[in-house]
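K.L.:
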Amino acid sequence: MKREIGKSGIEVGAIGLGCMGLSEFYGPATDRDAAIKLLHEAIELGVDHFDTAEMYGMGANEDLLGAAFAGRRDRVVIATKFGPLRDPATGRPIGIDGSPANCRRACEESLRRLKTDVIDLYYLHRVSPQTPIEETVEAMAGLVREGKVKAIGLSEAASATIRRAAEVHPISAVQSEYSIFSRDIENTVLAACRDVGASLVAYSPLGRGLLTGKFSADKRPGENDWRGITMPRFAGDAYAANLALVAEIEALAAKKHATASQVALAWVLGRGDNILTIPGTTKLANLKGNLAAYDVGLSAGETASLNKLADRVQGERYDARGMAVING
Ligand code: ATR
């Protein structure tokens, strides 16, 4: 199933690959050779949309993609992002910089790490409170004019921001968290995407793994896994309550001879024909299972019962620090 990224003329499979987890946040980084092998296998399976960011592994994730895609550049659409800054010594987040100077610096560095002369889709990763969106987008448009970027996008942007940005330059994609458990963008961001002709790129469509059924009361995120450390939906009483909702999805999936992950992805793709998604995985078997979601259809009744779950989810998407940098 191919879908165009906005009106950019770039077509990709509706299910791409979120690459963040290969480098950090969900436990230790995947061994480099194994990660490169997975990226090559993804290409062979027909995956052609790979999502990374400057901040993932502080450049390591882009470096990885650069190494993996050498000799295969024409088979992949690379999306990367700039804005969040981190302390190089500790990795601690130290702010969001949407200034034209940072946009240019970050783009040059991403091009170098990705070993390419053009980024297919370049996003502002988080909207900066200090820089008017028009100034950031004008800088990104400059990169398009210079041929360094093909299409531009915004991540976690509010609908008003999307509309202002689109006055300056076509916005091809808006990347937001969107899943059975996280539907808050539906009436705002999704509507703005439709109005400005952007695709919605749904990240964490599997609820950061929660919706896959791989977690349980006994199987919690590991020691160095950011989900167990900071994510409210994985903490305290919310965790048990959310696992009970996952059990409902698993029961629905079992009746269809599908997995909960496939149902979660089919649900996202069924919400609109301008929606793409980028589930993350570090494992070939999971990647194959996720791609099989293309063949899973949901009836109106199934969709309606899944639609009811989001209201019962407990816990915010991020901790207070993460929520503070969401453009609301
Ligand atoms: P993100 O966008 O933040 O990467 P996500 O796509 O909602 O989040 O979920 C990613 C998580 O789901 C990862 O922990 C991934 O673990 P693996 O690397 O072990 O696969 C997990 N995941 C993805 N697909 C899965 C599947 N089919 N079955 C089980 N877990 C899966």
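Under numbering that gives the first Met the number 0, residue 327 is the last one in the sequence shown; the count climbs by one each step, no gaps. The beta-carbon is built from N, C-alpha and C at its ideal position, and this holds for glycine as well. Here the structure is a predicted model, which means the values were calculated and not measured.
1. Could you please give the first and the last residue of the uninterrupted beta strand (DSSP E) stretch that includes H48?
2. What do you reckon, are the CB atoms on A67 and H39 nearer than 8 angstroms?
3. Counting C-beta neighbours from all protein chains within 10 Å, is the total for K1 16 or more, i.e. buried, or is it exposed?
4. For G206, verify whether its CB is less than 7 angstroms away from any heavy atom of the ligand ATR.
5. Mind pulling the alpha helix (DSSP H) runs of 4 or more residues that sit fully within the stretch 213-291?
6. Is the beta carbon of S154 within less than 7 angstroms of some heavy atom of the ligand ATR?
7. Quick check on this structure: which residue in D310, H256 and R311 has the alpha carbon closest to the alpha carbon of L297?
8. For R182, report the span of its beta strand (DSSP E) as first-last.
9. Give me whichever residues DSSP pairs with I42 in a beta bridge.
10. With C-beta atoms as the reference, is R104 less than 8 angstroms away from I93?
11. Determine, using beta carbons only, whether L16 and T29 come nearer to each other than 8 angstroms.
12. Less than 8 angstroms between C-beta atoms, sequence neighbours within five positions excluded: which residues of the same chain meet that for Y317?
13. Rounded to whole angstroms, what is the Cα-Cα separation between C102 and I35?
14. Pick out the complete beta strand (DSSP E) segments inside the stretch 69-108, 3 residues or longer, and give them in chain order.
P.N.:
Based on what the coordinates show:
1. H48 to D50
2. yes
3. exposed
4. yes
5. 225-229, 235-254, 259-268 and 283-290
6. no
7. H256
8. Per DSSP, R182 belongs to no beta strand (DSSP E) and is neither H nor E.
9. Paired residues: none, contrary to the question.
10. no
11. no
12. T229, M230, P231 and I325
13. 28 angstroms
14. 76-81, 83-85 and 92-95
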